[in-house]
Amino acid sequence: MSRLTALPLLLLAACAPRVPEPPQTFRDTNQPIWSNAVFEPARIAGDWQEVAAFAQPGACRPGGVEIRPTASGLEMTGRLCLGGRETALAGPLAVTGPGRLLPAGATEPWWVLWVDTDYRTIALGTPSGRFGVLLNRGGPLPPDRLVAAREILEWNGYDLGRLIRF
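Encoded structure:
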């Protein structure tokens, strides 16, 4: 094909609508995912530090959130690295089901995949796999709780090779 013949085809291709890239996912969405049915929302009140997240290395800084009880439920403020994007959070944190939370402005519920018995470490994710995050409070994340959280994330279909520890 000559260059003159190919030029109109290239111009026509450039005018075609772009197919949007599928949303990034960090889990195999064909694998089942479960939220923690015995999760007690009132026990997550306090300060949390982000200790790991699913993202590209260097995509964003680790963050933290404060969750506090209010007359109408829970409220959350802070910033987290969610799916490789720094995300500011402020407002109500609704409980939408067993082990399921919906922060103000979120497009899908956050599922509590695991929380240790003393509510010091929590693994959060979404069925879409758009993000997954580990939050901890009270100091550094001990190795035993990291192992437990990783096992739960993997069991829920998350690709542990993409989990970044902060």
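The letter at position 155 of the sequence shown is residue 146 when you use the numbering used here, and the numbering goes up by one with no holes. Built from N, CA and C at the ideal position, the CB exists for glycine as well.
For Ile113, the three-state secondary structure derived from DSSP is strand. For a cut-off of 8 Å, the C-beta gap from Pro60 to Ala33 is around 7 Å, short enough to register as a contact. With distances taken between CA atoms, Thr20 lies nearest to Tyr149 out of Ile155, Tyr149, Arg156, Arg153. Leu137 is positioned such that its CB atom lies no closer than 9 Å to that of Arg121. If the five residues before and after Thr78 are omitted, its C-beta is found closer than 6 Å to the C-beta atoms of Leu71, all from its own chain and listed in chain order. The distance from the Cβ of Trp105 to that of Ala140 is about 6 Å, consistent with a contact at the 8 Å cut-off.
Every beta strand (DSSP E) of 3 residues or more that sits fully in the segment 24 to 99 is shown, in chain order, as 37 to 45, 55 to 61, 64 to 73, 76 to 88, 91 to 94. Here Ala43 is buried: its Cβ has 16 or more other Cβ atoms, across all protein chains shown, within 10 Å. Here Gly123 carries a strand assignment [DSSP, helix/strand/coil]. Between the alpha carbons of Cys51 and Gly75 lies a gap of roughly 6 Å.
Burial check for Gly88: the Cβ neighbour count within 10 Å stays below 16, so the residue is exposed. Bounds of the beta strand (DSSP E) holding Leu104 are 101 to 106.
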